[in-house]
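Trainee:
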Amino acid sequence: MFSRLMRFFLRLLMVVILITLVCGVWHIGSAGKIYAKAWLAQTLLEQAWQRTLNGELSVRPWPWADTWPVAELVVPRLGVRRIVLLGDSGRVLAFSPGYTEASALPGTYGKTVISGHRDTHFKFLKDIKSGDRIELKTSKNHFVYIVNEQIVVDQRYFWLDAKSDSQPKGQGTSGSLILVTCYPFDALKPGGNARFLVVAEQSE
Amino acid sequence: MKYFMERQAITKQLMPCLIRNADNDEEIIPMIHLRSHQVITEIFTNIAIFILLVIFWLMSESVFAGEEPELLNAAVANNASYSSLWLKNNDSTEKHDATTLATNVSMSISGPILRAKVRQVFRNPSQFWSEGIYTFPLPEQAVVDRLRLVIGKRVIEGQIHEKQAAKKIYQQAREAGKRTSLLNHHRTNVFTTSVANIGPGEMIIVEFEYQQILDFKGERFALRFPMLNTPKFTPPRSRLDSKFVEPINVMRKEHDAPGNPVTIEVDLKAGFPIETLMSSSHAVTTKKISEEHYKVTVDSMAQPSNRDFVLSWGLKSSGKPMVSVLREDVKGESYGLLMVMPPQPEHGTKISMPRELVLVLDVSGSMQGESIDQARASVLKALSQLRPEDSFNIVWFNTRAWKLYPSSKAATQDNLNFARRKILDENANGGTDMRPALRLALRGAQDSERLRQVVFITDGAVSNEAELFSEIRRNLGRSRLFTVGIGSAPNGYFMRKAARAGRGTFTYVSKPDEVNKKINYLLRQLASPALTDLKLDLNDLSAMVLPQHPLPDLYLGEPVYVAFKASKFPEIAALSGTLGGVPSQLSVPLYNSVQHDGIAVEWVRRKITVLQAIHDEPSDIKIDGNESTQGHENYKQKIKNEIVDLAVAHHQVSKFTSLVAVDVTPDVEKGEAYNFSVNRAGGMLKTDRIPANHPKGWVGQSTVQKKGIRLAQTATDGEYRLLIGFELLLVALLLGLGLSQIQKRLTCFRA
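The following block contains the structure:
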């Protein structure tokens with residue numbers, strides 16, 4: 001009787017081990033997928049961006065993509081170069097930083113907002129300093145911004161008023177660029193309310 | 001920790017047992033018992049510890065997450081005070097030091113012209129120098145032509161400048177630490193006042209004046225003073241085109257007590273005996289001075305600005321066609337304003353031709369609450385008035401639009417009952433995209449025998465107006481568009497102009513108990529013949545008449561207002577038109593005109609409105625046959641220059657001109673202020689955007705479009721998953737080790 005109980009217990013243990021193993025592998029796998037996506041997409045994005053620079057419009061990096069590259073972000077001091085996609089939804093940010101469609105267009109008066117994941121593409125933001133040069137290259141223009149301040153805000157209470165002083169296109173005085181990522185950088189769980197914002201002013 | 005200690009205690013207890021058992025072979029059975037018992041305990045303890053560890057990991061994260069806001073608030077408080085980039089939160093913790101605003105409005109009405117003086121009192125209760133920015137609506141026909149900055153006893157008169165130049169003057173004064181104020185026309189009927197360098201504990205008053213021609217409808221004059229902006233929705237399609245995107249206003253949180261108190265005084269000289277003076281929106285006190293002169297005050301001194309103020313009064317009907325001519329002579333030029341109420345058809349005259357009625361009902365989120373109920377009541381009312389020979393259809397829309405029937409159906413009882421059920425079924429949610437709805441309603445006319453009337457019921461909360469006007473102009477055809485504004489803050493500018501473009505009328509319903517009266521009136525208009533092809537002839541070639549021909553169609557009880565400018569004031573005017581298919585003519589004597597202020601201002605306003613409409617016309621509509629885009633841009637620039645010249649000459653705020661006032665008086669400050677000189681150096685100013693209240697009856701939804709840009713979700717769960725994954729693998733490994741140990745011991749025992 002005892003040995004039957006024992007055998008049952010052993011089998012149960014085996015099952016528990018198996019489930020734990022599968023769960024572990026699955027979690028690691030999905031983490032891998034996130035990083036792989038972020039990393040692999042770069043090649044396709046790069047190609048799409050080159051085609052955009054050659055004059056094509058709305059080049060989808062892969063046929064079923066619901067976004068396309070709109071700009072290139074360069075921070076020379078940190079040797080960082082990122083391709084910026086259109087939109088800031090989770091689906092977009094998985095591949096590359098995204099431009100918030102409701103914010104001002106680069107080069108116009110107002111605030112241009114670009115968001116990225118703090119643990120992948122925008123990890124470098126924690127090393128950024130006031131006075132750093134950020135270059136934003138669109139298909140036709142090249143804008144230079146200088147980092148002005150870094151702020152932590154709570155997204156529950158703060159909404160960006162990107163266009164309150166918006167002016168007609170083409171008459172803009174200098175605008176500003178805002179890079180958004182989650183804060184703190186080393187928090188494990190996503191979904192916190194803190195955001196780290198890097199505010200850079202366009203230099204003439 | 002506790003578990004660790006317990007486990008050690010257990011092991012210690014077991015130790016002597018183990019040794020003894022190994023020495024004594026006789027006690028083998030209890031030994032097995034003991035051994036397996038011990039192993040199982042050990043495994044369980046292991047599992048317990050690892051579960052505990054995992055729980056600890058999870059806990060530690062939630063602990064971090066819980067701590068964030070505390071850290072955050074401190075960081076935010078430090079940064080936000082100096083950053084001019086952020087909206088102030090409406091959190092109670094910061095309320096005490098935000099710049100506040102109170103508004104006093106005093107209006108004086110003389111005949112059909114209203115002149116109002118608005119005093120916005122900016123108060124800075126904080127210890128920093130601050131800048132206050134307030135966005136507010138004005139009546140859609142209002143023109144602002146004076147700005148004064150009042151600091152203590154000093155009054156600084158504002159100057160008119162081209163918009164960019166004005167902004168520059170303001171910014172330079174702001175940087176230099178001078179007190180300054182700027183009044184901007186943002187879009188349509190939305191204005192912004194900015195005041196920079198309000199000292200700690202100081203109060204600065206921005207005073208401006210506007211003029212407006214009052215509405216006359218259904219034998220009553222009506223005054224509407226908008227007190228808030230309905231939060232607007234811009235369809236995603238338009239969002240990337242900067243031409244269409246409009247400023248997003250700061251909204252107060254829904255649960256916050258409304259602020260921005262407003263007091264209103266009206267000095268009413270109607271020019272004729274006043275009858276039934278009343279306000280449908282607020283409780284008012286009226287004081288009679290004479291038959292023609294009343295004073296009105298809005299009760300309970302400070303009204304929070306959460307619904308529009310409406311005041312209306314009627315005239316004792318005289319039974320004759322009403323004509324009034326006002327005149328002003330400025331610098332050798334004569335300006336005139338003519339108001340004619342054309343002779344009305346016999347009461348009860350109905351259109352004999354069958355009608356096709358298309359009812360368009362807004363079911364977007366902004367209609368939620370009182371508005372949708374009013375709208376439903378209006379639609380049901382309209383349906384009940386249909387004759388069997390008429391046909392009807394219903395269109396609903398939010399971000400998309402859909403129809404009741406693919407094409408209009410006869411107004412039989414069965415069809416009407418089906419429609420009524422459907423109307424009650426549709427609930428309000430989603431954004432507002434009027435373009436598909438307008439297209440659906442205006443197109444699809446098939447029966448040329450019928451008079452096609454489209455009734456568009458909405459709260460008008462959109463910001464891509466220019467796009468919609470060109471849509472109406474393109475698709476109107478034989479249809480006539482009648483707009484009905486619903487709720488506490490419909491966008492009157494849009495509704496009026498849409499009706500104008502659609503050659504119909506605009507009706508405003510502010511309260512549920514008004515629905516019946518207002519809709520009945522609209523239905524009477526729909527059923528009565530209209531006066532069309534109106535023309536005014538002044539017998540003077542030098543005269544400039546505004547609006548230009550053709551004048552809008554006239555419906556029952558609507559007067560025609562015409563402004564004109566001539567070098568010599570004409571003696572007589574001839575008004576001609578077609579009433580229900582019959583041409584008719586009216587001769588209006590102009591010699592008994594009354595001298596009145598503000599007529600020139602009104603003429604210039606109309607001129608600027610006309611020019612602005614030409615300027616805003618989308619470039620795909622060619623002005624001259626085969627013009628290139630470049631040509632169009634040049635043309636636009638020319639129109640813009642014309643507007644700027646006219647507006648500057650007449651001191652009027654327009655889309656391209658702003659009023660700016662700078663305090664040039666040398667600043668004699670108390671010693672204390674110098675402590676804050678750092679804050680005073682322009683860039684360090686604390687900027688407060690004064691939040692607007694939520695419209696009454698408006699059910700809030702926290703969507704992106706309504707509150708500015710919400711920051712994106714910017715972290716993946718990559719690291720988290722990696723950690724959990726490795727954790728689980730570790731647990732599996734240890735369990736596996738435990739398992740193999742048991743198996744080893746068991747085999748040992750069996751052997």
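Taken in order, these protein sequences are the chains called A and B.
Under our numbering, the first residue of the first sequence carries the number 1, and numbering increases by one thereafter.
Under our numbering, the first residue of the second sequence carries the number 1, and numbering increases by one thereafter.
All C-beta atoms, glycine included, are put in the ideal place defined by N, C-alpha and C.
If you're wondering where the values come from, they're calculated on a predicted model, not measured in any experiment.
1) Compare the Cα-Cα distances from serine 130(B) to each of Leu52(B), Met367(B), Asn197(B) and report the closest residue.
2) Kindly indicate which residue of Ile274(B), Ser407(B), Leu416(B) has the alpha-carbon position closest to the one of alanine 441(B).
3) Comparing C-alpha positions only, which one of Lys163(B), Arg524(B), Lys168(B) sits nearest to histidine 185(B)?
4) Relative to the C-alpha of proline 184(A), which residue among Arg60(A), Met6(A), Lys123(A), Pro97(A) is closest?
5) Who pairs with phenylalanine 482(B) in a beta bridge, going by DSSP?
6) Which partner residues does aspartate 154(A) have in the DSSP bridge list?
7) Would you check if the stretch 590 to 603 of chain B and the stretch 328 to 339 of chain B touch, i.e. whether three or more CB-CB distances between them fall below 8 Å?
8) Within 10 Å of its beta-carbon, does serine 242(B) have 16 or more other beta-carbons around it, so buried, or fewer, so exposed?
9) Please state the DSSP three-state secondary structure of tyrosine 782(B).
10) Go ahead and pull the three-state DSSP assignment for arginine 768(B).
11) Since tyrosine 210(B) is in the alpha helix (DSSP H), which residue starts that stretch and which ends it?
12) Would you verify that the beta carbon of serine 130(A) is, or is not, closer than 8 Å to some beta carbon of chain B?
13) Identify every run of the beta strand (DSSP E) within the stretch 131 to 158 of chain B, keeping only runs that are complete inside it and at least 3 residues long; order them along the chain.
14) Ordered along the chain, which non-local residues of its own chain (more than five positions away) have a Cβ less than 6 Å from that of tryptophan 313(B)?
15) Assuming alanine 530(B) and aspartate 553(B) make a contact with CB atoms under 8 Å, what is their CB distance in whole Å?
16) Measuring only the C-alpha atoms, how far is serine 84(B) from isoleucine 128(A)?
17) With H, G and I counted as helix, E and B as strand and the rest as coil, what does DSSP make of threonine 20(A)?
18) Show which residues of chain B have a CB atom less than 9 Å away from the CB atom of alanine 31(A).
19) So if DSSP puts valine 325(B) in a beta bridge, which residue, or which two residues, is it bridged to?
20) Along the chain, where does the alpha helix (DSSP H) that runs through methionine 495(B) open and close?
21) Any Cβ of chain A within less than 8 Å of the Cβ of alanine 176(B)?
22) Counting C-beta neighbours from all protein chains within 10 Å, is the total for valine 15(A) 16 or more, i.e. buried, or is it exposed?
23) Just the C-alpha distance for threonine 192(B) and glutamine 612(B), rounded to the nearest angstrom, thanks.
24) My output table needs one value for threonine 716(B): the three-state DSSP class, helix, strand or coil.
25) Is there contact here, the stretch 501 to 508 of chain B with the stretch 469 to 487 of chain B, by at least three beta-carbon pairs under 8 Å?
26) According to DSSP, simplified to helix, strand and coil, what is proline 125(B)?
27) Taking the DSSP output, what are the residues bridged to glutamate 201(A)?
28) Between the stretch 731 to 739 of chain B and the stretch 28 to 38 of chain A, are three or more C-beta pairs nearer than 8 Å?
29) Assign asparagine 417(B) to one of three DSSP states: helix, strand, or coil.
30) Report the rounded CA-to-CA distance for leucine 86(A) versus valine 180(A), giving the unit in angstroms.
31) State yes or no: is the C-beta of glycine 336(B) within less than 8 Å of the C-beta of glycine 431(B)?
32) Below 8 Å on the Cβ atoms is my guess for phenylalanine 569(B) versus serine 371(B); work out the distance and round it to an integer in Å.
33) I'd like to know whether the C-beta of threonine 100(A) is nearer than 8 Å to at least one C-beta of chain B.
34) Could you tell me the distance, in whole angstroms, from the CA atom of lysine 340(B) to the CA atom of alanine 712(B)?
35) What's the C-alpha gap between arginine 77(A) and proline 63(A)?
36) In this structure, does DSSP put isoleucine 109(B) in helix, strand or coil?
Mentor: From the atom records:
1) For this step, residue 130(B) is matched to residue 130 along the second sequence. Among Leu52(B), Met367(B), Asn197(B), the Cα nearest to that of serine 130(B) belongs to Asn197(B).
2) Numbered from its first residue, the second sequence carries residue 441(B) at position 441. Alanine 441(B) has its Cα closest to that of Ser407(B), out of Ile274(B), Ser407(B), Leu416(B).
3) Sequence index remark: in the second sequence, residue 185(B) carries index 185 (1-based). Closest option to histidine 185(B), Cα to Cα, is Lys163(B).
4) Residue numbering aside, residue 184(A) sits at position 184 when the first sequence is read from its first letter. If we check each option's Cα against that of proline 184(A), Lys123(A) comes out closest.
5) Counting from one through the second sequence, the residue named residue 482(B) turns up at place 482. Answer by DSSP bridge pairing, in chain order: Val455(B).
6) In the first sequence, counting from the first residue as 1, residue 154(A) sits at position 154. BP columns for aspartate 154(A) point to Ala194(A).
7) yes
8) By one-based count along the second sequence, residue 242(B) stands at place 242. For serine 242(B), the predicted structure reports a pLDDT of 37, less than 50, and the residue's modelled location is therefore unreliable. A value from the coordinates is still provided. Serine 242(B) comes out buried.
9) Outside the displayed span of chain B (1 to 751) sits residue 782(B), for which this structure offers no information.
10) In this structure chain B extends from 1 to 751, so residue 768(B) is not present and cannot be described.
11) Along the second sequence, one-based indexing puts residue 210(B) at 210. Premise fails: tyrosine 210(B) lies in the beta strand (DSSP E), 203 to 213, not in any alpha helix (DSSP H).
12) Indexing the first sequence from 1 puts residue 130(A) at position 130. Cβ-Cβ to chain B under 8 Å: no for serine 130(A).
13) 143 to 151, 154 to 157
14) Position 313 of the second sequence, counted from the first residue, corresponds to residue 313(B). Here the set comprises Phe221, Ile274, Leu277.
15) Stepping through the second sequence from its first residue, residue 530(B) is reached at position 530. Stepping through the second sequence from its first residue, residue 553(B) is reached at position 553. Contact holds; Cβ gap of about 5 Å.
16) The residue labelled residue 84(B) in the question sits at position 84 within the second sequence. The residue labelled residue 128(A) in the question sits at position 128 within the first sequence. Low confidence applies to serine 84(B): its pLDDT is 28, below 50, so where it sits in the model is not reliable, and the reading given next is rough at best. Distance between the alpha carbons of serine 84(B) and isoleucine 128(A): 21 Å.
17) As a working note, residue 20(A) is residue 20 in the first sequence. Of the three classes helix, strand and coil, the one that applies to threonine 20(A) here is helix, per DSSP.
18) Here residue 31(A) refers to the residue found at position 31 of the first sequence. By Cβ distance, chain B contributes Thr716, Asp717, Gly718, Glu719, Tyr720, Arg721, Leu722, Leu723, Ile724, Gly725.
19) Here residue 325(B) refers to the residue found at position 325 when the second sequence is read from its first residue. For valine 325(B), which the question treats as bridged, DSSP gives the partners Leu338(B).
20) Your numbering for residue 495(B) matches position 495 in the second sequence. Start and end: 492 to 501.
21) Looking up residue 176(B) in the second sequence gives position 176. Answer no: the Cβ-Cβ gap between alanine 176(B) and chain A never drops below 8 Å.
22) As a first step, residue 15(A) is located in the first sequence; it is residue number 15 there, counting from the start. Exposed, because fewer than 16 other Cβ atoms sit within 10 Å of the Cβ of valine 15(A).
23) By one-based count along the second sequence, residue 192(B) stands at place 192. By one-based count along the second sequence, residue 612(B) stands at place 612. About 19 Å.
24) Within the second sequence, numbered from 1, the residue matching residue 716(B) stands at position 716. In the structure shown, threonine 716(B) sits in coil (DSSP, three-state: anything other than H, G, I, E or B).
25) yes
26) Here residue 125(B) refers to the residue found at position 125 when the second sequence is read from its first residue. Residue state, collapsed to three classes: coil.
27) Taking the first sequence and counting its residues from 1, one reaches residue 201(A) at position 201. Bridge partners of glutamate 201(A): Ile146(A), Ser176(A).
28) no
29) Taking the first residue of the second sequence as position 1, residue 417(B) is located at position 417. DSSP places asparagine 417(B) in helix when its eight states are reduced to three.
30) Residue mapping note: residue 86(A) aligns to position 86 of the first sequence, counting from 1. Residue mapping note: residue 180(A) aligns to position 180 of the first sequence, counting from 1. Looking at the two C-alpha atoms, the distance is approximately 15 Å.
31) Locating residue 336(B) in the second sequence gives position 336, where the first residue counts as 1. Locating residue 431(B) in the second sequence gives position 431, where the first residue counts as 1. Their beta carbons are not under 8 Å apart, which means glycine 336(B) does not touch glycine 431(B) by this criterion.
32) Counted from its first residue, the second sequence places residue 569(B) at position 569. Counted from its first residue, the second sequence places residue 371(B) at position 371. With 8 Å as the limit, phenylalanine 569(B) and serine 371(B) do not qualify as a contact, their Cβ atoms being about 47 Å apart.
33) In the first sequence, the residue the question calls residue 100(A) occupies position 100. Yes, its Cβ sits closer than 8 Å to a Cβ of chain B.
34) Within the second sequence, residue 340(B) is the residue found at index 340, counting from 1. Within the second sequence, residue 712(B) is the residue found at index 712, counting from 1. It should be pointed out that residue 340(B) corresponds to valine in this sequence rather than to lysine. In a straight line, the C-alpha of valine 340(B) is about 57 Å away from that of alanine 712(B).
35) Translated into positions along the first sequence, residue 77(A) becomes position 77. Translated into positions along the first sequence, residue 63(A) becomes position 63. Computed Cα separation, rounded: 35 Å.
36) In the second sequence, the residue the question calls residue 109(B) occupies position 109. Residue state, collapsed to three classes: strand.
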